[in-house]
Each structure stands twice: as C-alpha cells, then as structure tokens.
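Okay, structure first, notes after.
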Amino acid sequence: MQNAREGHCYTFPVFTYILRRIVQSFVVLLVVMLVTFTLPYFQVHGILAPAYSVLQTHANPKTVALWGAQNGMNHPYFVRFWTYVTQTFFHFNLGHSYKQNLSVWGLISLYVPRTIWLALSSLVFTIIIAIPLGIIQASRRNTFIDYAATGTAFVLYAMPSFLLCMLMLDAFGFHWPHLPTSPPSGVSPWLMFSDPVAFILPVACLTMLSVAAISRFMRGTVLEVMVQDYIRTAKAKGCSNRRTLFRHAFRNALGPIVIILGLSIPGLFSGALIIESIFNYGGIGIQTVYAATTTDVPTILGITLLVAILTLLGNLLADVALGIVNPRIRIEGTSR
Amino acid sequence: MSEQQFKSSERGITMVDINPEGILVDSADEIVPMWRQRFRIFAHNKLAIASVIFIILVSAACYLIPWLHPTNQTNQALTFGSKWNAAPSLAHPLGTDSSGFDELGRIFYGGEYSLTLGFLAGFITIVVGTLYGMISGFVGGVTDTLMMRLLDAFLSIPYLFLLISLITIFNRSTMFLIMVIGFTGWWGNARIIRGDALLIRNLEYAQAATAMGASKLHIIRRHVFPNSISNIVTVATFSIADAILFLSALGFLGLGIQTPQTDWGTMLQAGTSQIQNGFWWEIYPLAAVFILVVVAINYIGDALRDAFEVRLLER
C-alpha cells in the first residue's frame, strides 16, 4: 500500500515534468529556427545570395529578381518566417534544395540515417569503453595505468580529428593493409550494412576521439564523488573498496556523464563531418559542407533543425535517465 | 600551532603545509595570502611549470623567428628543378613542403597565426561567457530562464556546422575568424560560470552582504567574481586550446587562415595529403609541436583547477 502511494507520488509529477520539458524544447526549437532563419539576411546579397550560386553565369539583376520572386523572397520577413514555421511543423515540409533539386526532407532521409548509424555505433562503443576506463583511472589514481590512460587521452584530445583519421588510415590501410579504407558508398541507407568490416576504421576513429574526452571527464567526476561524505560513511561501515566504488561512487558519478552524453550529440555530428570527408562516406556532414559552400540555405536550415531536434531529444532522454539512475534528482525535478 | 601542523606530503599527495583548518601556513607560522597559496600549489606541479615554459618558448619562437630569421613564405617554387617536397638538408632543416616553402620556417610562421587566433578568440570567449553567465546566474528569475533557453538553442546547433556556414557565407579574413570563433565559442563557458554564480549567490557571505544592503553590482564585483575566478581561469585555458583545435578543423576544410598566410591546421592538411608519399617532414614535426602545445595548454588548465580546488588538498 505504502509502495503504491509512493509510486503514484513519483510517476505523476514526472510526466508533468517531461511535458513541461517538451514544451520548453519547442520554444528552444523556435529560437533555433529564428536564429538560423535570420542569419542569411546578413549575407552580401541578402536572401538573394543563393540566386548567384544557382544561376551562376546567368545571374544579372533581372534574373536574380525573377528568381527571388519565384522563390517567395519578396515577402516581408515575418510572413516568410511564419510560412517557414507552419510549413515545417504542420506540413513537415522543409523546403527545396536549390542546388540539388531535391526536397530537403528527401535529402535528409537519404543521408541522415548513414550519419546516425556512424554516430550511434561510436556512441555505444564510447560508453562501453570510456566509463569503465574512467573508473579504473580514478580508482588507481597516480599509478602507471592512470598515467598511461590519462596521457593517451590527453594526446588524443589534443589531436585534430583529421590528423588521427589520416594516421589510422595510413597505418591500417597502407602500411599494414588489413582493413578497408572506405565504407560502402551507395544511395540506399541499407547498403551500409553490406560490409560491416569497412566500418571498423571510421567508427574506431570517432570512438577514440570521444573516449578521450568522456573518460577524462569520468575520471574527474569519480574523483570528485570519492571525497563526498557518503563515501566515507560507506567505508566506515565496512564496505569493501570495490563495493564502495560500484555501489556508491559509480551511481553518483553517472549523473554528469549522462548529461555530457546528451550534450555530445551535436559534437558527434561535427566529428562525423570530418570522418565522413576523410573516409569518403556519404553522410549528412559532407552534404552540409557542400550546402554551405554553395549557399544552399534551405538545406542548411533543414539539417540544423534536425540536429537541434536530436540534441533536445538527447537532453530530454538524459534528464529522464538521470532521474532513473539518481533518485535525488527525481524528487528535485518534480518539486521544481 | 606547529604541533598541529602536518605535512600532507607524508600522505604522498601534495607537498604543501596546511594546518588542520585547511589554511596554508609557511615556516614562520604566518598565514600565506590566497594568491600565493594557489601559486605555490601550482608551482609544485613540475609538469605544469614545464608546460608554461614550453608555451612561452613556442610563442616566443613563433612571434620572433619569422622576424629575426625570415624565410621565403610567399613565393611558391614550383618550376621544374626547384626544391619542392625536398628532404631535410642543411639549407632546409626540415625540408620543404609541396609548395616549396621552408618547412621549419613555416611552422613558426603558421604558429604565429594559430596562437594569435587561439589566445584572442579564447579571450573573447571567456569575457563574453563570464558576462553572460554572471548576469544570468545573478539576476535570476525570468531573465535567467530566457537567457538559458537561448543558450540551449545555441548549444543544440552543431558548432562546426555553424562555423562553416558563417565563414562561407560572410568572410574568410583572419579578423573575422577570430570574431566568429570568439563570439560563438562562449556558450559552454557561460553555462559553467552561471552555475557558479548561482551557487555563490546562495552562500552565506553573499546573503550576509545582501542583508547589509549591498547592491547587486557590488556583490557580483566583490563576492561572486573573486570566488568564481578559479573556474573562469580554468575554462579560459581550455577555451584557448579549443579555439586552436577548431581553427585546425577549419583549416582541414580549407576555411582556415587563407593564403598567403597559413595556420597549423591548413599546414597539417597539406602535410597529411602527402602522407602516402613518405614525406614525413611535412607532417610529423608539425604534428608533434601542435599536439604538445594543445596538451600543454590543457595540462595548465588541469593544474590550475587543482591549484584552485581547495578540497583537493584534503585528498
């Protein structure tokens, strides 16, 4: 009976909390849309800049004006923004890529699954490797293992990502040619599963880069937790070191890590950009660079919006997961 | 006093004398001023001192050598028979790159731009981030909520995508690069410093100051800022390293410092494109310098955090 009542007390506010977070996320999303929508107005040719990239040698004041009229550039700022928002949210229409002659939604559904596959698999490996590594580093502080792991993490963290990729490529594709150097490139997102071995190098590179950052963070967090009062209490009541570490320190150190993982989603996309262009893997990163260099504004807006949605979703999931691993947050979250 | 005093070095951790209240005292039993305490803890970290010296040496070399011993870094030597991709020799201690520039001279020449950009952009980042975080954390209420939601929006945009878009859309000049990296890199910093300000605002001494009728500006200036300076300084060092790294990523995409100037990222990109030809001098010396510089900056940041973290003394 007591349990049921407690369960009721917990679950109901959690849902209102999640609901409120979703509403807040929508507001944040609107701000992202406002910012990204407004920026192109400050270009050299304003919002007519894509016309010069589309029309190329045919661009003259007359054709550019005509192009602007055809693409609805003559409407006032707020009308255009209203159209953009309503089209996005109520018609799921992200516009048309001027340069690729393809709807932005089509472009995204073509390339984003490939990037997500890359980012997600490296995220999984990062969690599997970085969290135990950070704990080992913290529990064996100032030993050889700690120094070696911390030193490696420092070097990897200080390395430009493209340099690491090129060195890996040179080592495993050229000097000891045992691994394929490029993942399968096909239009179909399912084709990427045809040759899993080819993903070892890119996923390994992306994983190494994020393990460097996350394990270092994990080490710091565990060290910070280890000086807390409840750890001393646990040790005082006779907990073994291992039990203290895994039962008491680990659960409390997970909180910051979960948040960092949620926040690392845009970083994964940024990292994937470099990896994609080095391993010649047609993902959304390459498309972003191409869209940016050809001022393909609708594509950039669409991709930014998508990553923003994924990030906000990641933050939300991180907060919910935080409530699961740490009951104190759950109560705090509901009382706010 | 001296009987109670004990050496924490006997516990094998830090080599500073603290009394049981956690206050550093020197041999004459005088309480050491806060800044000297922190400097002492920092100075005990040999590797951190080595890092500082290394950064100073590299900066001095990058700013002085292109001026004291100028090498040709503007006119390409691509005619048949001229020395491009030449192996190290007496005339060119680290060989020449694929455009015929002296590699050793170019490392210093590019470093001038990479380091300048890193320091300036890092500085802008920390100033803007501190102001934003302080205001948001201290004013609180609706302002705080609005400012934090705006920050959430910024943080959910992939940073590299934003840099690429801004640089391709607007301008590729060095000044604009510094501005872009500086004025877009402060989001994470603002969040950390806002957390600090929020924490300090609710501490007893800040409340006491409020009770005694201190203005908000006074509390920010005299209580919040001095007490969060540790985080500000630490975050600033990391920002410098991050700015250098982001510049290198832009250099890889061809959006770094534009020719005839260069930066380390652009040079590394040029070097790695020659990696299969075995021209090791175009990549490994520079890679070593680059990594060491960023590692040193990050390590200084870590050591500073340790120096400022009073609780670490107890470990």
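Line by line, the protein sequences give chains A and B.
Each residue of the first sequence is one higher than the last, beginning at 350 in the working numbering.
Each residue of the second sequence is one higher than the last, beginning at 2 in the working numbering.
Built from N, CA and C at the ideal position, the CB exists for glycine as well.
Note that this is a predicted model, so its numbers are computed, not measured.
Tell me, please, whether the CB atom of residue i is closer than 8 Å to any CB atom in chain A?
i             : result
residue 95/B  : no
residue 264/B : no
residue 49/B  : no
residue 162/B : yes
residue 269/B : yes
residue 58/B  : no
residue 107/B : no
residue 154/B : yes
residue 68/B  : no
residue 300/B : yes
residue 258/B : no
residue 10/B  : Per-residue confidence for residue 10/B stands at a pLDDT of 37, beneath the threshold of 50, marking its modelled position as unreliable; the derived number appears in the next sentence. Closer than 8 Å: no.
residue 99/B  : no
residue 241/B : no
Given a threshold of 16 other Cβ atoms within 10 Å of its Cβ, counted over all protein chains shown, does residue i qualify as buried or as exposed?
i             : result
residue 208/B : exposed
residue 621/A : buried
residue 304/B : buried
residue 486/A : buried
residue 194/B : buried
residue 1/B   : The first residue shown for chain B is 2 and the last is 316, placing residue 1/B beyond what the model contains.
residue 144/B : exposed
residue 579/A : exposed
residue 38/B  : buried
residue 1/B   : Past the boundaries of the shown model lies residue 1/B; chain B is included only from 2 to 316, so the question cannot be answered.
residue 36/B  : exposed
residue 567/A : buried
residue 192/B : buried
residue 416/A : buried
residue 240/B : buried
residue 202/B : buried
Applying a beta-carbon distance threshold of less than 9 Å, which residues of chain A neighbour residue i?
i             : result
residue 250/B : 509, 510, 511, 619, 622 and 623
residue 253/B : 509, 510, 511, 512, 623, 626 and 627
With a cut-off of 8 Å, does the C-beta of residue i fall near any C-beta of chain B?
i             : result
residue 377/A : yes
residue 504/A : yes
residue 526/A : no
residue 657/A : yes
residue 456/A : no
residue 519/A : yes
residue 686/A : Because chain A in this structure spans residues 350 to 685, residue 686/A falls outside the shown range and cannot be described.
residue 557/A : no
residue 574/A : no
residue 585/A : no
residue 373/A : yes
residue 661/A : yes
residue 453/A : no
residue 367/A : no
residue 638/A : yes
Our contact map puts residue i next to residue j with C-beta atoms below 8 Å; I'd like the distance itself, whole angstroms only.
i             : j             : result
residue 308/B : residue 42/B  : 4 Å
residue 484/A : residue 594/A : 7 Å
residue 272/B : residue 266/B : That pair is no contact at about 11 Å.
residue 113/B : residue 63/B  : 5 Å
residue 532/A : residue 630/A : 5 Å
residue 552/A : residue 467/A : 7 Å
residue 247/B : residue 164/B : 7 Å
residue 647/A : residue 446/A : 6 Å
residue 453/A : residue 469/A : No, residue 453/A and residue 469/A are not in contact; Cβ-Cβ is about 22 Å, not under 8 Å.
Name the chain B residues whose beta carbon is nearer than 8 Å to that of residue i?
i             : result
residue 392/A : 170 and 171
residue 612/A : 156
residue 413/A : Within 8 Å Cβ-Cβ: nothing; residue 413/A doesn't reach chain B, min ~17 Å.
Residues of chain B with CB under 7 Å from residue i, in chain order?
i             : result
residue 523/A : 277
residue 381/A : 154, 157 and 158
residue 515/A : 273 and 276
residue 492/A : The contacting residues do not exist; residue 492/A stays about 12 Å from chain B at best.
residue 384/A : 154
At 7 Å on the CB atoms, spell out the chain A contacts of residue i, in chain order.
i             : result
residue 288/B : 512
residue 166/B : 641 and 649
residue 292/B : 504, 507 and 508
residue 296/B : 503, 504 and 507
In chain A, what lies closer than 8 Å to residue i by C-beta?
i             : result
residue 246/B : 507 and 509
Worksheet item: Whole alpha helix (DSSP H) runs in the stretch 38-121 of chain B with 4 or more residues, listed along the chain?
Response: For the stretch 38-121 of chain B, whole alpha helix (DSSP H) runs of length 4 or above, ordered along the chain, are 47-69.
Worksheet item: Which runs of the alpha helix (DSSP H) fall wholly inside the stretch 463-494 of chain A and span at least 4 residues, in chain order?
Response: List check, alpha helix (DSSP H) in window: nothing returned.
Practice prompt. Output, in sequence order along the chain, the residues in the stretch 117-151 of chain B whose CB is closer than 7 Å to any CB in chain D.
Written response: Absent from the structure: chain D. Protein chains present are A and B.
Item to complete: Could you pull out every unbroken beta strand (DSSP E) segment of at least 3 residues lying fully inside the stretch 373-443 of chain A, listed in chain order?
Response: Entirely contained in the stretch 373-443 of chain A, not one beta strand (DSSP E) run reaches 3 residues.
Discussion item. As an exercise, report each continuous alpha helix (DSSP H) stretch of at least 4 residues that is fully enclosed by the stretch 143-217 of chain B, in chain order.
Written reply: Here the runs fully enclosed are 160-170, 175-185, 188-202 and 205-212.
Practice prompt. Return the chain-ordered ranges of every alpha helix (DSSP H) run that is complete within the stretch 259-301 of chain B and spans a minimum of 4 residues.
Written response: Correct list: 265-273.
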